[in-house]
């Protein structure tokens with residue numbers, strides 16, 4: 001894997017980072033040593049790798065599929081069978097509204113039930129039971145939703161379509177009748193080697209073909225899919241369309257943040273005040289503190305807008321509740337690392353600020369996140385009174401760990417509570433090695 005990524009890295013060196021996105025899916029979600037692997041993989045690739053959740057993977061797959069079908073009208077069921085997970089998505093036009101990721105795929109089912117390459121009636125039934133157990137919690141809710149079209153994507157489904165069309169069992173897409181015939185044909189072959197020979201499949205694909213077939217057949221039987229068309233687009237294309245949206249300022253993450261604000265009934269005026277001040281402070285120090293990356297600015301803005309999300313539960317320790325919500329919620333558009341950063345900023349926007357607060361983040365991101373959080377903390381302190389009146393002219397200068405915050409006129413003298421808050425904040429920052437001066 002590392003050797004392959006090193007070759008990719010050589011090809012990607014000339015591409016600007018803002019035009020490139022690398023995502024990891026189920027393998028990185030499940031691997032016990034994923035953090036160790038990611039450190040080495042990012043080093044040889046020369047680019048950050050985002051591990052995305054199953055829900056985010058499903059959203060991106062849907063995006064890739066619907067941009068590659070001729071007719072997007074009506075409600076659509078999208079199915080993607082990967083190696084270790086299967087994504088089911090219901091959506092209308094370009095908007096997915098029901099997504100789930102099941103922990104079963106062509107590799108995992110093949111290993112569990114066809115590990116020695118034998119395909120027998122008993123092994124097929126064992127695999128079919130496994131698939132139905134995985135489908136049981138979501139079967140009724142997906143059947144009840146209804147859809148006008150079903151579309152499959154990725155290698156497993158494409159391979160099955162090739163096989164049923166070669167046999168003449170289906171002219172377009174994959175039908176339930178063709179899948180039933182394929183089941184009988186798999187029993188005739190008896191072994192994965194014979195599968196490869198009969199249908200001219202690559203050996204690697206033939207080894208996991210039976211497991212992928214059982215997943216698709218089980219899905220179609222359980223959900224009542226009589227016919228499925230096959231899309232050329234899937235996760236890869238979805239990542240591209242999502243990246244294009246970010247470049248064109250149509251970032252789905254902005255919509256996600258707005259949805260969270262509405263769902264948790266946050267004080268929008270206060271969120272905007274804190275966000276605007278955080279942006280102002282960032283603009284004054286971004287070069288000195290190496291915070292020029294646009295993604296960092298976005299994360300500061302989002303954290304500022306969501307810093308009070310934990311208030312829905314209780315005022316006491318609300319920053320901790322907010323961090324938990326943001327780390328564990330399904331946030332469309334956000335990778336796992338995005339959510340960890342957002343949660344860390346919200347967790348540390350008030351009260352204790354230990355020097356090691358960001359050590360759980362990637363090594364190169366931790367010091368930048370700490371600096372972003374200092375700016376967020378100052379913005380929150382300056383708006384603690386929730387006043388609608390604008391702040392005076394502010395000027396923040398930094399030199400490594402030293403900060404000098406200056407106010408125009410005699411504003412600070414006229415606002416002794418803010419002075420007291422800044423004095424308290426200076427003590428918190430000192431524990432992390434920062435020296436705050438103000439006046």
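Residue numbers (the numbering used here): 1 to 439. By construction, the Cβ of each residue, glycine as well, lies at the ideal position given by its N, Cα and C atoms.
Report all residues from its chain with a CB closer than 7 Å to the CB of residue 282; omit the five preceding and five following residues, and keep chain order. 291, 297, 300 and 375
Residues that residue 403 bridges to, as DSSP identifies them: 398 and 436
Mind reading off the beta-carbon distance from residue 84 to residue 27? Whole number of angstroms is fine, and I expect it under 8 Å. 6 Å
Distance check for residue 164 and residue 260, CA to CA, integer angstroms please. 45 Å
Nearest-angstrom Cα distance between residue 310 and residue 249? 28 Å
Following the continuous alpha helix (DSSP H) through residue 212, name the residue where it begins and the one where it ends. 203-223
Is there a Cβ of chain B sitting closer than 7 Å to that of residue 335, yes or no? Protein chain content of the structure displayed is limited to a single chain, and chain B is not contained in it.
Tell me which residue opens and which closes the beta strand (DSSP E) that residue 89 is part of. 86-92
For the alpha helix (DSSP H) containing residue 424, list its first residue and its last residue. 416-430
For residue 380, collect the residues of the same chain with a Cβ closer than 7 Å to its Cβ; drop the 5 residues on either side in sequence, then sort them by chain order. 274, 307, 349 and 350
What first and last residue would you give for the alpha helix (DSSP H) that runs through residue 257? 252-263
First through last residue of the beta strand (DSSP E) which encompasses residue 314: From DSSP, residue 314 is part of no beta strand (DSSP E); its letter is neither H nor E.
Thinking just about the alpha-carbon of each residue, which of 180, 19, 193 and 171 is nearest to the one in residue 115? 193
Quick test of your reading: residue 168 and residue 228, contact by CB under 8 Å. State the CB separation rounded to the nearest angstrom. Incorrect: roughly 18 Å between the Cβ atoms, too far for contact.
State buried or exposed for residue 4, treating a residue as buried only when at least 16 other CB atoms are found within 10 Å of its CB. exposed
Rounded distance between the beta-carbons of residue 190 and residue 109, thought under 8 Å: In fact, because the Cβ distance is near 18 Å, the residues do not count as touching under 8 Å.
With a 10 Å radius around its C-beta and 16 neighbouring C-beta atoms as the bar for buried, classify residue 30 as buried or exposed. exposed
Taking DSSP as the reference, what is the three-state secondary structure of residue 321? helix
Option nearest residue 368 by Cα separation, candidates 406, 285 and 157: 285
Between residue 53 and residue 207, what straight-line distance do the alpha-carbon atoms span, to the nearest angstrom? 27 Å
If you measure between the beta carbons of residue 305 and residue 276, is that distance less than 7 Å? no
Please name the residue or residues paired with residue 200 in a DSSP beta bridge. Beta-bridge pairing links residue 200 to no other residue.
Mind checking whether residue 175 and residue 78 have CB atoms under 7 Å apart? no
Going by DSSP in three states, residue 392 sits in which element: helix, strand or coil? coil
Can you tell me which residues form a DSSP beta bridge with residue 182? Residue 182 is not bridged to any residue.
What residue range does the beta strand (DSSP E) around residue 50 cover? 49-51
Closest Cα partner of residue 279 within the set 295, 71 and 80: 295
If you follow the beta strand (DSSP E) that residue 359 is in, where does it begin and where does it stop? Segment: none, residue 359 is in no beta strand (DSSP E) and carries neither H nor E.
With a cut-off of 8 Å, do at least 3 Cβ pairs link the segment 310-321 to the segment 419-439? no
Straight-line Cα distance separating residue 357 from residue 330: 24 Å
Mapping the DSSP letters down to three states, classify residue 101 as helix, strand or coil. strand
In the DSSP output, what is residue 151 paired with across the bridge? 78 and 229
Please classify residue 120: does DSSP put it in a helix, a strand, or coil? coil
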